[in-house]
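Number 570 in this note's numbering belongs to position 277 of the sequence shown; there are no gaps in the numbering. Glycine included, C-beta positions come from ideal geometry on N, C-alpha and C. Data block below; observations after.
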Amino acid sequence: MKQAFRKIQSLADELHADLLVLGGVVITPNGAEQIDIASSGGVIVALGDLKGRWQADQVINAQGLHVLPGVIDSQVHFREPGLSHKEDIESGSRGAVLGGVTGFFEMPNTDPLTLWDADLQAKLDAADAKAWCDYAFYIGGSAVNAEQLDRLENLPGCAGVKVFMGSSFGDLLADDDAVLRNILSHGHRRMAVHAEDEALLKARKQIVEESGDVCQHHEWRNVESAFKATRRIVALAAESGRRLHVLHVSTADEMRFLARHKRRVTVEVTPHHLSMVAPDCYEMLGSLAQMNPPVRELEHQEALWEGIQNGTVDVIGSDHAPHTLEEKLRPYPQSPSGMTGVQTLLPLMLNHLHEGRLTLQRLVDLTSAGPARIFGIEGKGRIALGYDADLTLVDLNAQRIIDNEWIASRSGWTPYHGKKITGWPIHTVVRGQIVVRDEVLVGELQGKAMEFIEVID
Ligand code: DOR
Numbered sequence: 294m295k296q297a298f299r300k301i302q303s304l305a306d307e308l309h310a311d312l313l314v315l316g317g318v319v320i321t322p323n324g325a326e327q328i329d330i331a332s333s334g335g336v337i338v339a340l341g342d343l344k345g346r347w348q349a350d351q352v353i354n355a356q357g358l359h360v361l362p363g364v365i366d367s368q369v370h371f372r373e374p375g376l377s378h379k380e381d382i383e384s385g386s387r388g389a390v391l392g393g394v395t396g397f398f399e400m401p402n403t404d405p406l407t408l409w410d411a412d413l414q415a416k417l418d419a420a421d422a423k424a425w426c427d428y429a430f431y432i433g434g435s436a437v438n439a440e441q442l443d444r445l446e447n448l449p450g451c452a453g454v455k456v457f458m459g460s461s462f463g464d465l466l467a468d469d470d471a472v473l474r475n476i477l478s479h480g481h482r483r484m485a486v487h488a489e490d491e492a493l494l495k496a497r498k499q500i501v502e503e504s505g506d507v508c509q510h511h512e513w514r515n516v517e518s519a520f521k522a523t524r525r526i527v528a529l530a531a532e533s534g535r536r537l538h539v540l541h542v543s544t545a546d547e548m549r550f551l552a553r554h555k556r557r558v559t560v561e562v563t564p565h566h567l568s569m570v571a572p573d574c575y576e577m578l579g580s581l582a583q584m585n586p587p588v589r590e591l592e593h594q595e596a597l598w599e600g601i602q603n604g605t606v607d608v609i610g611s612d613h614a615p616h617t618l619e620e621k622l623r624p625y626p627q628s629p630s631g632m633t634g635v636q637t638l639l640p641l642m643l644n645h646l647h648e649g650r651l652t653l654q655r656l657v658d659l660t661s662a663g664p665a666r667i668f669g670i671e672g673k674g675r676i677a678l679g680y681d682a683d684l685t686l687v688d689l690n691a692q693r694i695i696d697n698e699w700i701a702s703r704s705g706w707t708p709y710h711g712k713k714i715t716g717w718p719i720h721t722v723v724r725g726q727i728v729v730r731d732e733v734l735v736g737e738l739q740g741k742a743m744e745f746i747e748v749i750d
């Protein structure tokens, strides 16, 4: 009798979940399916027609919504420690979840730079206390830590090594081939790179120092200064057989070149480079549109979209790089490069979807499956049994106007202020916990460090 009761009890337990998501169109590896999702203990435990057979502590009615795997933004600058007047991990990750993002990789150009174990641990400790979603942090690749990168890149919570060939400073600037070779030769994980050629940037800077005209930003940091750096780093990585991830590709030349090097090299583009065009963006927004590498002319934006459509592009990353308005309004070129983007990444891409520039399946490939695939993120990137219940629920027909007031960033502005959007994130779920419900923050600060599949070299 007791055994029968235990059996019935265990069956009852099986049909009770922490969270049920009912009635949505769910984007799974099979495609778009009208199915329900149950999650318990932070992972997906059932998929299918669950209504009436399953009970749950929390239920989301997803009727009329599409349920995407959680969006992972693999390039953000959250400015903590040392620059938290611009942003910090709490405000940056709050913007992330309000924008439907469930995980982020944060960059090493903070103060102090993220070069050593203690720098990484300090960020992990801060995120453990105040991140709204899951996270990992890049270690900066530098001449000063190159010999230890094979150890450093495998520290818990490390997203891998990030190298700045240009557009950085001090120990984080690796603009010399010998230094780059040394960095590349220590480690096995895919290495992220900011590819601008520092020598060319230095040689060309007088163009803008004389004019002070931000409309010349993309002339100063011209196509060749990006393309030359990309050719260099791809050749250097090929010498050592190191896998590479080229961040924020901005030119047609790089995109067509990288399409011929896809065995070891992955490609990121940002929503800014897909949505803005020079010189219009500088005429309209001035230095608010200033970022490195720069937004360029239409032919380059069209080539980036070509890379989206033909599969060359692996991930969309926001390059969320906040500066205060006061800093941005300094006379160019003293104005810093960068703009907010983590909260607007998904709305902008949903609007591009609405306008027919990509499919929903491809968007999911770029914002969830892609990051998980190229960085080897454990248990994330798809809606499937046993995977983390990271879910981004969107209304493809919702119409909103992006407003500075909506932006959670401590810098408090977006270059898209006033832009009409069709397609919007409604609910955000991180490992089965509802963090945003009906566009309102409702959850707890409960982000966790992401884990990575052992690198198989
Ligand atoms: O525009 C940029 N701003 N590009 C970078 O690579 C760095 C970033 C920042 O941290 O401000």
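Three-state class that DSSP yields for residue i in the structure shown
i      : result
PHE430 : strand
GLY716 : strand
ASN585 : coil
ASP658 : helix
ASP750 : Per-residue confidence for ASP750 stands at a pLDDT of 39, beneath the threshold of 50, marking its modelled position as unreliable; the derived number appears in the next sentence. Coil at ASP750, not helix or strand.
ILE320 : strand
HIS309 : strand
PHE371 : coil
VAL336 : strand
GLN296 : helix
ALA691 : strand
PRO362 : strand
ILE476 : helix
LEU638 : helix
LEU734 : strand
HIS647 : helix
GLY663 : helix
GLU592 : helix
VAL570 : coil
LYS379 : coil
ALA471 : helix
LEU678 : coil
GLU620 : helix
Span of the alpha helix (DSSP H), counted from its first residue to its last, around residue i
i      : result
CYS574 : 573-578
GLN348 : Segment 348-354 is the beta strand (DSSP E) holding GLN348; no alpha helix (DSSP H) there.
GLU383 : 382-391
ASN402 : Segment: none, ASN402 is in no alpha helix (DSSP H) and carries neither H nor E.
Identity of the residues DSSP links to residue i by a beta bridge
i      : result
THR633 : The partner list for THR633 (beta bridge, DSSP) is empty, contrary to what the question assumes.
THR721 : THR685, VAL729
MET484 : LEU537
HIS710 : The partner list for HIS710 (beta bridge, DSSP) is empty, contrary to what the question assumes.
GLY341 : ASP329
PRO615 : According to DSSP, which records beta bridges pairwise, PRO615 is partnered with nothing at all.
GLY600 : None; GLY600 has no bridge partner.
PHE745 : ILE670
ILE700 : Beta-bridge pairing links ILE700 to no other residue.
GLY396 : ILE365, ASP427
LEU315 : ASN354
VAL608 : GLU561
Neighbour-count burial assignment, residue i, 16 or more Cβ in a 10 Å radius
i      : result
GLY711 : exposed
ARG553 : exposed
ARG557 : exposed
ASP731 : exposed
GLU561 : buried
LYS379 : buried
ARG483 : buried
THR403 : buried
LYS498 : exposed
LEU646 : buried
GLY463 : exposed
ASN323 : exposed
THR652 : exposed
MET584 : buried
GLY375 : exposed
Distance cut-off 7 angstroms: residue i Cβ against heavy atoms of the ligand SAH
i      : result
MET584 : By its list of ligands, the structure shown excludes the ligand SAH, since it contains just the ligand DOR.
**OP:** Please go through the region 492-567 and give each complete beta strand (DSSP E) segment of 3 or more residues, from N-terminal end onward.
**Re:** 537-539, 558-562
Segments of 3+ residues assigned as beta strand (DSSP E) that fall wholly inside the region 408-469:
427-433, 451-457
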